[in-house]
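Report on the following structure.
This is the structure we're talking about:
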């Protein structure tokens, strides 16, 4: 926090003697309230509606119990497919992310003419959420897990590339300078100066993205992109809420197990 | 007036904080508590406004028992006792005046203070308090922009705005440099004299204690081992309190 | 990762051997996992028409259906985007308010018993594991399809993450001001108002804006299951293979997300 003499300290009227004008703050709050009111008018969202809807929600939950345990063998296969989609999607996305992250990092001597456009493309990719990718890829490649996997490839690529290039920019420049001093070429610098420092972070981000992707893969089926979501959609469509319940429960169990395992490994990495 | 009646404090782990303390601090005194760290200075001070509960005995402030007070009663007693901390304890993101005004919350209804509606007199009072410690011009500055000495003066102003009859200061100068230390001590002394506010200060600099106190109390292992005027507090007396000769880092120096 | 600090020769070779075994085992497991995963994705399901479809999508992007941007009778791009924006704003506001009690519940420094904060943390992680789309489907059953279901879905789902971030903020505050307020005779609510809230509110706002950036992305997909916003016309356009319309909708989404990111980032910088 290096600041030069701020204008406020030169201007006696703006110094601490007098209470500052609060117009801006008040205007901010008024705008916020106005926006919220306008929004709820637009969505016709009123607490009344919620109160009317709650009993319905209650009866829905009632229909979910007891869950249909006999459905478990049927959903085991699609659940595993969900995991497979997440594993392959994350891995391929991560592989794609490596070169892009290296191109984006500003401390590796990549020309601005390359790094800035690459970053822009990366930012564009990150604006599209996973389900939108899935919906598009289903249209292109047809219904099935391949579309879901591709969606996750793009989605994970965006996250991992961004996090990794920021990690690369934060590494200790000492080893890089030392390597440059002994005449290493750029590839050698990356291999021996960058990779050892950035690898633990990269692995940690990969695992984190995997956690996110398992959740995402579970719902990809809603747009036809494979995995357990397809069965969830079907059960809901047929009003078999007891089956939907068992699907949701299994998903939660798998997500919790994966989160736990991944967190353990990540703690060891960093 | 603060009265200690057979006060003992034993912590849960068995450490003795205070052992059978009996003494009376009269109105308008400036008492400095000295002793090694761990001698019970903080416990002594914090038991006066019951930030620390005592194990047995009774403490009365202006005739009212702090020990037996409950809920709102205790809060009313605390309202009359200002406290100054080693680390200032200001909300750093808030403005100076906000911090000073927060000393007034005990005077108003919960609803009113939750809405932040302080009467005009309170603002005047707070500005006067800041004037007294010579930082009136910083009133609307964020507290984290102030130096350590200035922040400590804000917390003194908070105690003043509180219209406290007693001020407790727990190592108020321990995180300040020698120059600001003297300024803060001067402020406390002046307030004590001009407004007749009973003041109890924990200090570890023995020359400061001699210079500013009207009465010095020495604690060792939770017991009062010295109680007298600054003139009586000779180097030998301090050696007695500390159980060893006075060391150089216990003197601020450069009077 | 772990280094052995006592280099006794006999043991060193033993631990090197063990490290090699461990490495081999890890590699074996990783290979097995990938083999299993690749087996699972049946690549034969890919449409033969993928090439032509991709070409028409690209065509659609290059010639977006500009007429869809504004249609006086309604159901156009601008209204869809507006609904998406509105859903994510309201969802964030709901979450930012609802998660406050949860955050205090889950903070270790706000209650004496560890069981209290522990149960709060568990409640927050349970909320977090439900994907918002599933929450949305449940709310559609309750309040009917439309934006309101989307608002509730985003609101409830975001409570999980915001509550966690909020409670971490509360756990990191400076305890000093609380003590000073107690010493001056303030009651619990007054301590909260004058010592705790001023320290946490700016951080709360900043996290809420961050969550808003995430929510706007999620909100674009809510329509895919019928919870309002731009996703609804998108799924229709995809179903009838109207690629020019898909193109303009995607462009619209990208523009909306980029714009809101900019505004939110600017606001976040001003707050702290």
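Residue numbers (my numbering), protein chains in the order written: chain A, 3 to 272; chain B, 17 to 271; chain C, 940 to 1211.
Backbone N, C-alpha and C define an ideal beta-carbon position, used for all residues, glycine too.
It should be emphasised that the depicted structure is a prediction, and the values quoted were computed from it without experimental measurement.
Contact check, residue i vs residue j, beta carbons under 8 Å
i                      : j                      : result
residue 154 (chain A)  : residue 253 (chain A)  : no
residue 232 (chain B)  : residue 175 (chain B)  : no
residue 1180 (chain C) : residue 136 (chain A)  : no
residue 177 (chain B)  : residue 119 (chain B)  : yes
residue 231 (chain A)  : residue 240 (chain A)  : no
residue 1033 (chain C) : residue 953 (chain C)  : no
residue 1092 (chain C) : residue 1068 (chain C) : no
residue 1159 (chain C) : residue 1192 (chain C) : yes
residue 34 (chain B)   : residue 244 (chain B)  : no
residue 1188 (chain C) : residue 1198 (chain C) : no
DSSP beta-bridge partners of residue i
i                     : result
residue 21 (chain B)  : B:74
residue 99 (chain B)  : B:184
residue 244 (chain B) : B:232
residue 50 (chain B)  : B:234
Nearest residue (CA-CA) to residue i, options the options
i                      : options                           : result
residue 264 (chain B)  : B:64, B:84, B:221 and B:142       : B:221
residue 1210 (chain C) : C:1141, C:1193, C:1189 and C:1132 : C:1141
residue 178 (chain A)  : A:196, A:169 and A:159            : A:196
residue 1035 (chain C) : C:1046, C:1099 and C:989          : C:1099
residue 190 (chain B)  : B:153, B:253, B:183 and B:266     : B:266
residue 213 (chain A)  : A:52, A:237 and A:89              : A:89
residue 126 (chain A)  : A:215, A:112, A:54 and A:156      : A:156
residue 247 (chain A)  : C:1040, C:1004, C:1076 and C:1013 : C:1076
residue 44 (chain A)   : C:1129, C:1087 and C:1059         : C:1087
residue 85 (chain A)   : C:969, C:979 and C:1155           : C:979
residue 41 (chain B)   : B:219, B:153 and B:215            : B:215
CA-to-CA distance, residue j to residue i, given in whole angstroms
i                      : j                      : result
residue 73 (chain B)   : residue 81 (chain B)   : 10 Å
residue 92 (chain B)   : residue 1127 (chain C) : 14 Å
residue 1090 (chain C) : residue 1162 (chain C) : 12 Å
residue 16 (chain A)   : residue 996 (chain C)  : For residue 16 (chain A), the pLDDT reaches just 47, beneath the cut-off of 50, and the residue's location in the model is therefore unreliable, although a value from the coordinates is still provided. Rounded to the nearest angstrom, the two C-alpha atoms are 58 Å apart.
residue 1065 (chain C) : residue 43 (chain B)   : 58 Å
residue 156 (chain B)  : residue 106 (chain B)  : 14 Å
residue 114 (chain B)  : residue 124 (chain B)  : 15 Å
residue 1022 (chain C) : residue 116 (chain B)  : 46 Å
residue 100 (chain A)  : residue 166 (chain A)  : 8 Å
residue 1028 (chain C) : residue 61 (chain A)   : 29 Å
residue 195 (chain B)  : residue 165 (chain B)  : 9 Å
residue 962 (chain C)  : residue 118 (chain A)  : 39 Å
residue 1196 (chain C) : residue 1042 (chain C) : 28 Å
residue 183 (chain A)  : residue 163 (chain A)  : 29 Å
residue 1205 (chain C) : residue 81 (chain A)   : 42 Å
residue 261 (chain A)  : residue 1046 (chain C) : 22 Å
residue 2 (chain A)    : residue 112 (chain A)  : This structure leaves residue 2 (chain A) out entirely; chain A is present only between 3 and 272.
residue 62 (chain B)   : residue 90 (chain B)   : 14 Å
residue 148 (chain B)  : residue 20 (chain B)   : 31 Å
residue 1105 (chain C) : residue 161 (chain A)  : 23 Å
Residue-chain proximity (residue i, chain C), Cβ-Cβ < 8 Å
i                     : result
residue 220 (chain A) : yes
residue 176 (chain B) : no
residue 168 (chain A) : no
residue 33 (chain A)  : no
residue 225 (chain A) : yes
residue 129 (chain A) : yes
residue 245 (chain B) : no
residue 17 (chain B)  : no
Any chain A beta carbon closer than 8 Å to residue i
i                      : result
residue 157 (chain B)  : yes
residue 1130 (chain C) : no
residue 962 (chain C)  : no
residue 1070 (chain C) : yes
residue 154 (chain B)  : yes
residue 1042 (chain C) : no
residue 1073 (chain C) : yes
residue 999 (chain C)  : no
Residue i at chain B interface by Cβ criterion, 8 Å
i                      : result
residue 1111 (chain C) : no
residue 1120 (chain C) : yes
residue 65 (chain A)   : no
residue 1231 (chain C) : Past the edges of chain C, shown from 940 to 1211, lies residue 1231 (chain C), and the structure says nothing about it.
residue 1048 (chain C) : no
residue 1 (chain A)    : There is no way to answer for residue 1 (chain A), as the model of chain A reaches only from 3 to 272.
residue 940 (chain C)  : Interpretation of residue 940 (chain C) is limited by its pLDDT of 42, a score under 50 that renders its predicted location unreliable; no figure is taken from the coordinates.
residue 1166 (chain C) : no
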